[in-house]
Amino acid sequence: MILERRNQGFTLIELMIVVAIIGIIAAIAYPNYTEYVERARRTDAQGALMGLAAAMERHRTANGTYLGAGSPDSGAPSIYADESPIDGAPKFYDLTIDDGSVVANVTATTYVLIATPKNAQAGNGILTLSHTGARGWDENNDGDVDDAGENNWED
85 MILERRNQGF TLIELMIVVA IIGIIAAIAY PNYTEYVERA RRTDAQGALM
135 GLAAAMERHR TANGTYLGAG SPDSGAPSIY ADESPIDGAP KFYDLTIDDG
185 SVVANVTATT YVLIATPKNA QAGNGILTLS HTGARGWDEN NDGDVDDAGE
235 NNWED
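Each number in this note's numbering corresponds to the 1-based position in the sequence shown with 84 added.
What follows is the structure, given as structure tokens:
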């Protein structure tokens, strides 16, 4: 009686095919994942701007003015967190009250809030929110929100 010997396992060709398939899937999935993470961080910063706007309204209700909500009037807010995400680390946006360098200076009756990207989010464009609720996103990262399509927070 002759015993047949059966090899068990995978051939090198089979392993190479699996590696190639995983490589193709990774090449498609990784850029989508990083884009998703950037959008999630930007959305968190938008929420933080809305929270800062609510704090600005509470400040105005209590004091009759928006002045005094920053350091002393503009810059880092003294009435709310100055980074986003508010809880947790690392931080990806600095929250500030505009000093006139981007849109308009804070006054007793007006303000513009800014979220400036930093760390892994750097270069993603500033986000703005005004006292009227007007939103802006500097999609092309040129330092302003005046270009076409930059008057909202949509991709």
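Cβ atoms here follow ideal geometry from the backbone N, Cα and C, with glycine treated the same way.
Helix, strand or coil: how does DSSP classify Asp222 here?
Residue mapping note: residue 222 aligns to position 138 of the sequence shown, counting from 1. Note: Asp222 maps to coil in three-state DSSP.
Classify Leu96 as buried or exposed, calling it buried when 16 or more other Cβ atoms lie within 10 Å of its own Cβ.
Start at 1 with the first residue of the sequence shown, and residue 96 comes out as number 12. That one is exposed.
Whose C-alpha, out of Phe94, Leu99, Asp183, Tyr164, is nearest the C-alpha of Ala137?
One-based indexing of the sequence shown puts residue 137 at position 53. Nearest C-alpha to Ala137: Tyr164.
Do the CB positions of Val196 and Ala204 come within less than 7 angstroms of each other?
Here residue 196 is taken as the residue at index 112 of the sequence shown, counted from 1. Here residue 204 is taken as the residue at index 120 of the sequence shown, counted from 1. Taking 7 angstroms as the Cβ cut-off, Val196 and Ala204 do not qualify as a contacting pair.
Run through DSSP, which three-state label would Asn116 get?
Working through the sequence shown from its first residue, we reach residue 116 at position 32. Here Asn116 sits in helix by DSSP.
Could you give the residue range of the beta strand (DSSP E) that holds Ile181?
On the sequence shown, residue 181 is found 97 positions in, with the first residue counted as 1. Ile181 -> beta strand (DSSP E) spans 177–181.
Along the chain, where does the beta strand (DSSP E) that runs through Ser214 open and close?
For this step, residue 214 is matched to residue 130 along the sequence shown. Residues 211–214.
Alpha carbon of Asn57 to alpha carbon of Ala218, nearest angstrom:
Here the chain covers residues 85 to 239 and nothing more, so residue 57 does not appear.
Between the Cα of Gly209 and those of Ala132, Asp128, Ala199, spot the shortest distance and give me the residue it belongs to.
Position 125 of the sequence shown, counted from the first residue, corresponds to residue 209. It is Ala199.
Under three-state DSSP, which class holds Glu167?
Taking the sequence shown and counting its residues from 1, the one referred to as residue 167 is at position 83. If DSSP states are grouped into helix, strand and coil, Glu167 belongs with the strands.
Euclidean distance between Cα positions of Thr118 and Ala110
Locating residue 118 in the sequence shown gives position 34, where the first residue counts as 1. Locating residue 110 in the sequence shown gives position 26, where the first residue counts as 1. Straight-line Cα distance between these residues: approximately 12 angstroms.
Is there contact here, the segment 123–135 with the segment 170–185, by at least three beta-carbon pairs under 8 angstroms?
yes
Please say whether Thr180 and Ala206 have beta carbons closer to each other than 7 angstroms?
Stepping through the sequence shown from its first residue, residue 206 is reached at position 122. Stepping through the sequence shown from its first residue, residue 180 is reached at position 96. In this structure, Thr180 does not lie closer than 7 angstroms to Ala206 by Cβ.
Would you check if the distance between the CB atom of Tyr177 and the CB atom of Ala129 is smaller than 7 angstroms?
The sequence position of residue 177 within the sequence shown is 93, counting from 1. The sequence position of residue 129 within the sequence shown is 45, counting from 1. In contact: Tyr177 and Ala129 (Cβ atoms closer than 7 angstroms).
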